[in-house]
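Trainee: The following block contains the structure, expressed as structure tokens.
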Amino acid sequence: MDKARPRLLIADDNHEFAAYIGRAAEGAGWTVTSCADGGALLDSAAGLDCPALLLVDIDMPGLDGIQAAGQLARLENAALFRLRFVTGGAETGPLTARMIAEAGSIATGRSLFKPVRRMELLEILEHEHHVLDSLAEERGAG
Amino acid sequence: MGVLDPASLTTCGLVSVASDGVIQEANAAFLAWLGRSRSEVVGQMRLQDRFTPGGRLYFQTHLLPMLRLNGEIAASAINMLPDAPESVLLSARSDPEGGGAAFVLMPAVERLRREARLTERVAQSRQKESWLAQIETLADIGAWAVTLPDMKLHWSDAVFRLHGLPVGNEPDLETALGYYADPADRERAAARFAAVVDQGATVEVEARIVTADGRLRNVRSHARPVWHQGRIIRVDGLFQDITPQREAEAARDQAVTRLSGMAENLPGVLLTVEKPARGPARIAYVSSRCREFWGLPPEELSRDIALLDRPGPEGTPAGLSATITAALERGLPLADRFRITDPAGTERWLSLCGSVTGAGGGWVRADCIILDITAEVEAEAQLERQSALIRHVQKSESLGQLTGGMAHDFNNILAVILGNLELLRAGDGADDEVALIDAALAATERGAGLTRSLLAFARKAPLAPAICDLNQIVRDTRDWTGRTLPAHLAIETSLLEGLWPVEVDVDSTASALLNLLVNARDAMPDGGSLTIETANVRIDDDYVTERFDEVPSGRYVMLSVSDTGLGIAPEVLPHIFVPFYTTKPVGRGSGLGLSMVEGFMKQSGGTIRVYSEPGKGTTFKLYFPARPGSGAVPAPLPREAVRGGGRRVLLAEDESALRTLLVRTLEAAGYQVITAASGDMAADIFAEDPGCDLLLTDIVMPGKLQGPGLARALRRLRPELPVVFMSGYAAEAAVHGNGLEPDDIRLTKPVRRGDLIAALERALASRRQGGR
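In order, the protein sequences belong to chains A and B. Take the first sequence: its letters are residues 70 to 211, numbered as in this note's numbering. Take the second sequence: its letters are residues 17 to 788, numbered as in this note's numbering.
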């Protein structure tokens with residue numbers, strides 16, 4: 070596995086937004102997987118074997134962001150995930166989702182509010198890159 | 017023979033006969049029967065020849081042998097010949113010496129008549145007996161008698177029945193007395209009976225008896241003496257079962273007690289009003305609880321129906337008597353509500369229900385019940401207020417949901433636009449393309465700002481009020497907003513020590529303060545000073561510059577934010593709390609901030625005031641209700657004695673309502689007031705007649721001359737003229753160096769009456785002291 074390329078899973082039913090995030094992230098050197106909803110996110114996440122950042126929209130059809138947060142915490146490889154929530158709506162959605170995720174021992178970061186500026190996104194990706202690296206080192210040491 | 021011979025007068029025939037049956041003598045009645053003269057009869061005829069053949073046979077075979085045997089014949093009927101009464105009763109007695117006999121012949125008609133009379137008498141007496149029996153049965157009355165001196169007791173059938181005994185053998189007197197249930201009654205009855213016998217008294221005894229079949233009955237016994245030739249020969253009495261009467265009386269007493277108990281304990285008043293065909297209505301009955309509503313006992317209230325009309329809260333009669341009188345006249349049922357002030361000064365709602373009935377002879381009567389329904393009416397009003405509030409909340413909520421949903425969708429669209437524009441921007445485009453992209457990006461940012469505000473507006477965070485110190489909220493907010501406020505703003509705080517605690521939602525209060533700080537910042541793009549102030553205030557009727565109708569009188573904690581910025585134009589001022597109203601450039605303001613602050617203040621039971629002077633600055637004042645029981649209550653200002661002493665005040669104020677209010681206040685305090693609606697008008701008045709003692713002026717007014725300019729102009733004519741300025745705007749910095757002298761007093765709106773008068777007095781006094 071290429072240690073230089075961090076992994077990003079983006080879950081959003083707004084395909085154009087997901088495409089924009091994907092392009093920006095790939096430009097910053099990330100390997101990106103795009104999921105159309107919470108169900109697809111769970112499938113992809115279950116198959117992860119290295120630390121990854123999961124960028125999860127709150128309002129999705131089927132399994133929404135908050136429900137997904139609860140189910141991600143039950144996956145065996147949950148310790149690999151870093152979770153960030155994104156929403157176009159009120160703050161309460163991401164707040165609830167973070168509380169659920171952290172109750173399930175998944176590390177979360179500050180949420181993103183749409184529209185997301187590219188600079189802000191790149192700063193977050195850079196920060197998360199460091200976090201994922203140190204996670205990988207801990208695992209390597211452990 | 018005397019003059020009157022009975023034999024000649026009787027209607028009976030009297031005849032004497034010899035032993036051979038020949039008539040020897042006959043009276044007139046007999047001769048008249050036969051229609052013969054005496055000579056034709058006496059010595060000529062035999063008596064038996066005057067009988068019918070059957071009668072003659074009966075006479076010879078029965079009556080004559082009986083006469084010979086017994087010497088007499090008792091009245092026997094016999095038929096005579098047709099020229100005499102047909103049937104006679106014949107009685108006879110024989111003369112033992114002469115062998116003859118004397119006969120009496122009585123016409124049978126007489127006998128029949130006597131018999132008929134007898135029969136009638138018997139029938140009458142039977143009828144009376146039957147009536148007596150009926151009376152005895154129906155009235156449960158029996159008769160008794162005790163004959164003297166043998167003391168034998170006689171009972172009528174009813175007395176037996178009342179004692180539960182079979183009709184028959186009367187008991188002796190002692191046994192009869194033994195039926196009384198109580199030994200004391202027995203002695204009493206015996207003593208009374210003795211009084212009848214010994215003193216001829218008429219007595220009555222009422223007691224209870226136990227009947228032979230074990231029932232307990234209430235009885236009454238009368239007794240009176242019967243006199244004969246100066247002696248009491250008998251005691252007659254009546255014996256009556258009065259149990260039904262006693263039971264009915266007891267039931268009636270019980271019913272009366274129950275009804276009066278109801279009338280006393282009913283949470284209201286029972287009222288009966290009567291009215292004759294012509295004449296006034298009057299109170300016939302009112303229950304004693306009327307004291308609670310009218311402060312009068314029933315007997316006094318009943319004197320005049322107009323006493324029912326206690327004044328209502330507006331001093332108008334409650335109209336109870338008029339309503340009742342009208343209902344009596346029209347015969348309509350009563351159902352109405354009235355508001356009265358009771359003797360304790362408490363306002364009460366009364367419900368009046370009643371019906372009108374004819375009472376005969378042209379009289380009508382209204383029977384009413386008056387209930388205190390104050391609590392119900394208040395509950396209704398409360399419910400009405402609550403439903404109004406709920407309607408308002410529902411409206412806001414649905415608006416919030418709509419807004420929130422829209423913002424969410426819009427953000428998603430903006431996110432795609434922004435993202436792709438930025439990707440474009442990161443590419444190697446030509447300079448003119450970059451400029452176009454930047455313009456699109458800026459517009460997208462503005463859209464994002466708008467949706468952010470929409471979301472904030474839609475946020476339905478319920479308030480979580482907690483007791484807190486407003487000063488602490490100010491300090492905390494200042495700390496974390498300090499970084500966001502630009503360096504060229506001087507921030508000053510004037511926080512009152514001993515500020516009363518308030519019960520508010522800390523986050524919302526901080527958010528409201530932040531909103532005001534951001535507005536202040538935006539009002540001062542070129543720098544200035546920003547003042548945050550707190551104070552304890554009392555809102556009551558003493559404010560002369562304005563009314564606080566939207567909040568109840570009481571203690572409030574004031575938080576004000578003042579800037580030295582652009583100010584708000586008077587025509588804009590009324591709109592600043594309207595949602596989505598903004599004066600900021602597109603992209604700068606959402607138009608939601610102040611409407612949210614106002615909504616929050618209302619929700620917190622407080623209010624918000626804004627005072628602004630264009631070009632000088634703006635002050636926002638938030639009033640939070642102080643927590644009850646905290647801090648000492650400052651006594652309301654005493655009504656000062658009139659002390660204006662007729663001094664003349666020139667008043668310049670452009671708001672007419674405020675001007676009227678000030679005139680009323682000043683005149684009440686003994687000043688003469690000359691009014692002007694603007695600075696220019698005030699200057700003209702002064703030029704014409706400079707005889708006023710003081711100038712009281714608003715700082716900002718329409719026209720050329722503002723407050724400070726007006727002061728300068730007048731002082732050119734009279735340098736020692738005392739001036740008092742009024743302004744709603746608080747920042748001290750704004751008034752330096754613009755015509756105000758250090759001695760001038762500046763009042764900050766809202767102005768209390770006491771403060772205003774004190775300021776005028778101070779200004780007048782200082783000028784006199786320093787007067788040259």
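The beta carbon of each residue, even a glycine, is placed where N, CA and C say it ideally should be. Small disclaimer: the values here were computed from a predicted structure and weren't measured.
Where does Asn83(A) land, buried or exposed, given buried means 16+ other C-beta within 10 angstroms?
Mentor: Label assigned to Asn83(A): buried.
Trainee: Taking the beta strand (DSSP E) that Lys618(B) falls in, what are its first and last residues?
Mentor: It is not in any beta strand (DSSP E) - Lys618(B) instead sits in the alpha helix (DSSP H) that spans Gly609 to Gln619.
Trainee: Which parts of the stretch 494-574 of chain B are runs of the alpha helix (DSSP H), unbroken and 4 residues or longer, counting only runs that do not cross its ends?
Mentor: Counting only runs of 4 or more, we get 522-539.
Trainee: Assuming Ala108(B) contacts Ile89(B) (C-beta within less than 8 angstroms), just tell me the rounded distance between them.
Mentor: Contact flag correct, Cβ pair sits at about 4 angstroms.
Trainee: Counting only C-beta atoms, is Gly544(B) closer than 8 angstroms to chain A at any point?
Mentor: Not one chain A Cβ lies under 8 angstroms of Gly544(B).
Trainee: Do the CB positions of Leu505(B) and Leu546(B) come within less than 8 angstroms of each other?
Mentor: The answer is yes: Cβ separation under 8 angstroms.
Trainee: Measure from the alpha carbon of Ala105(A) to the alpha carbon of each residue in Asp126(A), Arg187(A), Arg143(A) and Ala80(A), then state which is nearest.
Mentor: Looking at the Cα atoms, Ala80(A) is the closest of the given residues.
Trainee: What first and last residue would you give for the beta strand (DSSP E) that runs through Ser103(B)?
Mentor: Counting along the chain, the beta strand (DSSP E) containing Ser103(B) begins and ends at Ser103 to Ser110.
Trainee: Around the Cβ of Ile321(B), are there at least 16 other Cβ atoms within 10 angstroms (buried) or fewer (exposed)?
Mentor: So Ile321(B) ends up on the buried side.
Trainee: Please state whether DSSP places Glu156(B) in a helix, a strand or coil.
Mentor: Sequence inspection shows Asp at residue 156(B); the Glu mentioned does not correspond to that position. If DSSP states are grouped into helix, strand and coil, Asp156(B) belongs with coil.
Trainee: Would you give the residue range spanned by the beta strand (DSSP E) that Glu88(B) belongs to?
Mentor: Run containing Glu88(B): Glu88 to Asn95, per the beta strand (DSSP E) assignment.
Trainee: Return the first residue and the last residue of the alpha helix (DSSP H) that Asp352(B) is part of.
Mentor: Premise fails: Asp352(B) lies in the beta strand (DSSP E), Leu350 to Thr357, not in any alpha helix (DSSP H).
Trainee: Would the stretch 695-702 of chain B and the stretch 713-724 of chain B be scored as touching if the rule is three or more Cβ pairs under 8 angstroms?
Mentor: The answer is yes - the stretch 713-724 of chain B touches the stretch 695-702 of chain B, with three or more Cβ pairs under 8 angstroms.
Trainee: Along the stretch 179-194 of chain A, what residues have a CB closer than 7 angstroms to any CB found in chain B?
Mentor: Cβ contacts with chain B come from Lys183, Pro184, Val185, Arg186 and Arg187.
Trainee: Counting contacts by CB-CB distance shorter than 8 angstroms, is Val613(B) in contact with chain A?
Mentor: Not an interface residue.
Trainee: Check the Cβ-Cβ distances between Asp128(A) and every residue of chain B, and say whether any is below 8 angstroms.
Mentor: Output row for Asp128(A): interface = yes.
Trainee: Which chain A residues are close to Ala442(B), counting only those with a beta carbon under 9 angstroms from its beta carbon?
Mentor: Per Cβ cutoff of 9 angstroms: Ala93, Gly96 and Arg187.
Trainee: Taking the straight line between their C-alpha atoms, what separation do you get for Gly311(B) and Pro359(B)?
Mentor: One C-alpha to the other measures close to 6 angstroms.
Trainee: Starting from the beta carbon of Gly173(A), find every residue of chain B whose beta carbon is closer than 8 angstroms, and list them in chain order.
Mentor: Near Gly173(A) there are no residues of chain B at all, since even the closest Cβ is about 26 angstroms away, more than 8 angstroms.
Trainee: Does Phe86(A) come within less than 8 angstroms of chain B when only Cβ atoms are used?
Mentor: Yes - at least one Cβ of chain B is within 8 angstroms of the one on Phe86(A).
Trainee: Here's a check: name, in chain order, each residue in its chain whose Cβ is nearer than 7 angstroms to the Cβ of Ser24(B), leaving out the five neighbours to either side.
Mentor: Result list for Ser24(B): Asn43 and Ala44, in chain order.
Trainee: Taking the CB atoms as reference points, tell me whether Leu667(B) and Leu678(B) lie closer together than 8 angstroms.
Mentor: Yes.
Trainee: At what residues does the alpha helix (DSSP H) containing Pro292(B) begin and finish?
Mentor: Pro292(B) -> no alpha helix (DSSP H), and no H or E assigned at all.
Trainee: Taking only the alpha-carbon atoms, compute the straight-line gap between Pro123(B) and Glu220(B) and give it to the nearest angstrom.
Mentor: Rounded to whole angstroms, Pro123(B) to Glu220(B) spans 55 angstroms at the Cα level.
Trainee: Extract the residue ranges of the beta strand (DSSP E) inside the stretch 203-228 of chain B, only unbroken runs of 3 or more that lie entirely within it.
Mentor: Segments of the beta strand (DSSP E) lying fully in the stretch 203-228 of chain B: 219-226.
Trainee: How many Å lie between Leu511(B) and Ile386(B) at the Cα?
Mentor: Whole-angstrom Cα-Cα distance: 56 angstroms.
Trainee: Rounding to the nearest angstrom, what Cα-Cα distance links Lys476(B) and Ser414(B) in this structure?
Mentor: Unreliable placement is indicated for Lys476(B), whose pLDDT of 45 sits below 50; the coordinate value is still reported in the next sentence. Roughly 11 angstroms separates the two Cα atoms.
Trainee: Need the endpoints of the alpha helix (DSSP H) that Ile340(B) sits in, please.
Mentor: First-last of the alpha helix (DSSP H) with Ile340(B): Leu336 to Arg346.
Trainee: According to the neighbour-count rule (16 or more other Cβ atoms, all chains shown, within 10 Å of its Cβ), is Glu114(B) buried or exposed?
Mentor: Before going on, a small fix: residue 114(B) reads as Gly here, not Glu. Counting Cβ neighbours within 10 Å, Gly114(B) comes out exposed, since fewer than 16 surround it.
Trainee: Residues of chain A with CB closer than 7 angstroms to the CB of Gly622(B), please, in chain order.
Mentor: By Cβ distance, chain A contributes nothing, its closest Cβ being about 26 angstroms from Gly622(B), past 7 angstroms.
Trainee: Would you verify that the beta carbon of Ala137(A) is, or is not, closer than 8 angstroms to some beta carbon of chain B?
Mentor: By this cut-off, Ala137(A) is not an interface position.
Trainee: Would you list the residues sitting across from Phe150(A) in a DSSP beta bridge?
Mentor: Partner(s): Ala121(A).
Trainee: Could I get the ranges of all uninterrupted alpha helix (DSSP H) runs contained in the stretch 133-208 of chain A, with 4 residues as the minimum, in chain order?
Mentor: Whole alpha helix (DSSP H) segments, 4+ residues: 134-141 and 161-172.
Trainee: Once you ignore the five residues that flank Arg625(B) on each side, which residues in its own chain have a CB closer than 6 angstroms to its CB?
Mentor: Result list for Arg625(B): Lys637, in chain order.
Trainee: Which residues in the same chain have their Cβ closer than 6 angstroms to the Cβ of Thr218(B), if we skip the five residues on either side of it in sequence?
Mentor: Arg240.
Trainee: Check for me: the alpha helix (DSSP H) holding Ile790(B) runs from which residue to which?
Mentor: One cannot answer for residue 790(B) here, as it falls past the ends of chain B, which runs 17 to 788.
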